[in-house]
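Worksheet: the structure to be examined is printed underneath.
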Amino acid sequence: MQASTQIADGPVTAQASQWAVEDGRAAESFDVLIVGAGLSGIGAACHLQRECPSKTFAILEARQVMGGTWDLFRYPGVRSDSDMYTLGYRFRPWQQPRAIVDGPSILKYIRETAREYGIDRKVRFGYGVTHASWSSALGRWSVDATAPDGTTVHFTTKFLFMCSGYYDYDEGHMPGWPGMDRFHGRIVHPQQWPEDLDYEGKRIVVIGSGATAVTLAPALAESAAHVTMLQRSPTYIVARPSKDKIANWLRPWIGARLAYSFARWKNVLFGIYFYNLARRKPQETKQGILRLAQKELPPGYDVSTHLSPRYNPWDQRLCLIPDADLFSAIRLGKVSIVTDDIETFTEKGLRLKSGEELEADILVTATGLKLKLLGGMQVCVDGVPANIARTLSYKGLMYSDIPNLASTFGYINASWTLKADLIAEYVCRLLNYMDEQGYDICAPRRRDSSIVEEPALNFTSGYIKRASNILPKQGSRKPWRLRQNYALDLLDLRFGKIDDGTLEFSSLEKPAHAV
Ligand SMILES: Cc1cc2nc3c(=O)[nH]c(=O)nc-3n(C[C@H](O)[C@H](O)[C@H](O)COP(=O)(O)OP(=O)(O)OC[C@H]3O[C@@H](n4cnc5c(N)ncnc54)[C@H](O)[C@@H]3O)c2cc1C
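Each residue of the sequence shown is one higher than the one before, counting from 409 in my numbering.
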């Protein structure tokens, strides 16, 4: 089976990774290699171990610890804004009374899951994958990783399962502002929160309006003199209880597993209902969100300036605040929101376009993430460098014309793990199907020329717009369509036909399976 050159990024100028077996280098071999030991990678490994017990596998993790996001981010108050009934794994019930929890609790859950399933022993820490090169003749990937001692180590695998997250671990997004070097205080990015930062009694300005800013502001305000959340434009902010009373009440009666399942479905269905409502009736939903916020804020608070975005609900991700913590801090006068543009940094803080000056001891740039796909790994298919941005996403987990590779990308309108779990289940079904049928190779093929290409994510958020040149496309119809809907994906990924006419199968002995 020859890979089409549609994925090629211009002429072949660089051989991303030479084929290890052909040039005689020693390479350790696995049936499946998982890249990344975060929430997705640990979950994927648990699925693989349970559903494909005969497969050999390992996890390559660039960092020295597992947990990914939930270990990297250390800023005060770091937490999920999804509930743990949907951010937790389907196979391992969340049993704590709080449903919206801090980062360390999520990290503990990931680590405990890995220990319970023996996955911690499968992780090679400190191995950053740099290149993967597919050989159709051998039906294998050759994978290069930088080992902890800086040397390049080679692996081969029949199937590559990327669970490397979606953003750059080295640095966050940092727009440049005039005069930044003039500021005499400290400038901090939440992705690199300094352990020694003493903010007690300090005046802090948090620049940003996304999930990180709304998390940080009330947490910092607990000991800071005052926190100002400076936003160019507002975001929808919705308060939600941090505890799920129904799940907590049910647990002693029906047991942890059933209560978990019930709460998970309750939250999934509510999420789907709310998302569709917001799409169908944006004005009513917007007014509803603003009314709820107004109730929690001091009388006369200028909701229309500070909390009423220019876009419709769910054109970008909503920000959830547990127990209305941000609104309480505003009520108590510890946090204020300013909606304005920065003209320049000054020695003492910021001058805004309106002419207002904000004095600060610390400036926190909660300006978001830099998206990075496949952990920055370069991909070659039969010697041709692949450009993911020129592929179509197949079911949101494989890429057109890239064989034996799946990657995890969660929902943008629901918990990441809902999709991560489904993707891992599907990969296990796919591997088992290929074993039963005697196939070695599978690749999604785009045969229908009437499929129209669209951006993979129709969100207007800055970080998605900034990444439009690296993201794959989606197609106008199944199986190339990304639906951002757990119930529909569940039917398709858990029960749908594997051999759907788009996925092409072949074995090393037999020619490609014509469908
Ligand atoms: C502050 C913050 C809050 C969030 N809150 C929520 C939330 O409430 N709900 C929600 O659904 N989502 C949330 N997300 C999204 C979140 O990232 C996902 O929920 C989830 O943690 C992603 O898990 P992951 O394992 O796919 O990726 P990550 O957590 O990013 O883990 C990826 C792992 O892969 C490793 N890796 C990357 N590249 C390579 C490479 N080349 N070689 C080897 N290893 C590599 C990394 O070191 C890392 O350990 C949040 C994200 C952030 C940043």
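Beta carbons: idealized from backbone N, C-alpha and C, even for Gly.
(request) Could you pull out every residue in the same chain whose Cβ sits closer than 8 Å to the Cβ of E399, ignoring the five residues on either side in sequence? (result) Absent from the structure is residue 399, since the part of the chain shown begins at 409 and ends at 923.
(request) If I'm right that L624 touches V509 with Cβ under 8 Å, what's the distance once you round it to whole angstroms? (result) About 16 Å; that fails the 8 Å criterion.
(message) So, under 8 Å CB-CB, I878 and L740 are touching, yes? Tell me the CB distance rounded to an integer number of Å.
(response) About 42 Å; that fails the 8 Å criterion.
(request) Kindly give me the distance between the Cβ atoms of T620 and P598, rounded to whole angstroms, as I take these residues to be in contact under 8 Å. (result) The distance from the Cβ of T620 to that of P598 is about 5 Å, consistent with a contact at the 8 Å cut-off.
(message) Check for me: the beta strand (DSSP E) holding F567 runs from which residue to which?
(response) The continuous beta strand (DSSP E) containing F567 extends over residues 560-570.
(message) So the candidates are M588, R718, G818; which of them puts its Cα closest to the Cα of S490?
(response) Comparing Cα positions, the closest option is G818.
(request) Step through the CB atoms of chain C and report whether any lies within less than 8 Å of the CB of A647. (result) In summary, chain C is missing from the structure at hand, where a single protein chain is found.
(message) Nearer than 7 Å: is that true of the beta carbon of G444 relative to any heavy atom of ligand 1?
(response) Distances between the C-beta of G444 and the heavy atoms of ligand 1 include at least one below 7 Å.
(request) Please go through the segment 592-656 and give each complete alpha helix (DSSP H) segment of 4 or more residues, from N-terminal end onward. (result) Segments of the alpha helix (DSSP H) lying fully in the segment 592-656: 619-629.
(request) Classify V860 as helix, strand or coil using the three-state DSSP reduction. (result) Under the three-state reduction of DSSP, V860 is assigned to coil, being neither helix nor strand.
(message) Could you tell me which whole beta strand (DSSP E) segments of length 3 or greater appear in the segment 881-919?
(response) Taking only runs of at least 3 residues, the beta strand (DSSP E) segments lying wholly in the segment 881-919 are 881-883, 911-914.
(request) Please list the segments of the alpha helix (DSSP H) lying wholly inside the segment 424-492, counting only runs of 4 or more residues, in order along the chain. (result) Listed in chain order, the alpha helix (DSSP H) runs fully inside the segment 424-492 are 447-459, 477-480, counting runs of at least 4 residues.
(request) Note the first and the last residue of the continuous alpha helix (DSSP H) segment covering Q724. (result) Premise fails: Q724 is in no alpha helix (DSSP H) and is neither H nor E.
(request) Would you mind reading off the limits of the beta strand (DSSP E) that contains A671? (result) Note, A671: premise wrong, no beta strand (DSSP E); alpha helix (DSSP H) at 664-688.
(message) Given 7 Å as the limit, tell me if Y577 has its C-beta closer than that to any heavy atom belonging to ligand 1.
(response) Between ligand 1 and the CB of Y577, the shortest heavy atom gap is smaller than 7 Å.
(message) Using the Cβ count rule (16 or more neighbours within 10 Å means buried), how would you classify F591?
(response) Flag for F591 reads buried.
(request) State the Cα-Cα distance for the pair W930 and P793, rounded to the nearest angstrom. (result) The first residue shown for the chain is 409 and the last is 923, placing residue 930 beyond what the model contains.
(request) Return the Cβ separation of P501 and Y668 in integer angstroms, given the expectation that the two are a contact with Cβ distance under 8 Å. (result) Contact holds; Cβ gap of about 4 Å.
(request) Check each candidate in L546, G444, Y497, K610 and name the one with the smallest Cα separation from G573. (result) Put simply, of L546, G444, Y497, K610 the residue whose alpha carbon is nearest the alpha carbon of G573 is G444.
(request) Let me know the secondary structure DSSP gives Q691 once reduced to three states. (result) Per DSSP, reduced to three states, the secondary structure at Q691 is helical.
(message) Just to check my reading of the structure: A828 and G451 have Cβ atoms closer than 8 Å, yes? What is that Cβ distance to the nearest angstrom?
(response) Taking a contact as a CB-CB distance under 8 Å, the pair A828 and G451 counts as one, their CB atoms being some 6 Å apart.
(request) Could you tell me which of A797, E917, I810 sits nearest to K881, measuring between CA atoms? (result) K881 has its Cα closest to that of A797, out of A797, E917, I810.
(request) Go through its chain and collect everything with a Cβ distance to A737's Cβ below 7 Å, but skip five positions before and after it. (result) Correct list, in chain order: A625, P626, A629, V743.
(request) Would you tell me roughly how many angstroms separate the C-alpha atoms of G696 and L658, rounded to the nearest one? (result) Each residue's Cα considered, the two are about 30 Å apart.
(request) Figure out for me which residue from M474, K886, E469, P583 has the closest Cα to the Cα of R523. (result) Selected option, being the one with the closest Cα: M474.
(message) Is the beta carbon of E579 closer than 8 Å to that of K778?
(response) Yes. Within cutoff.
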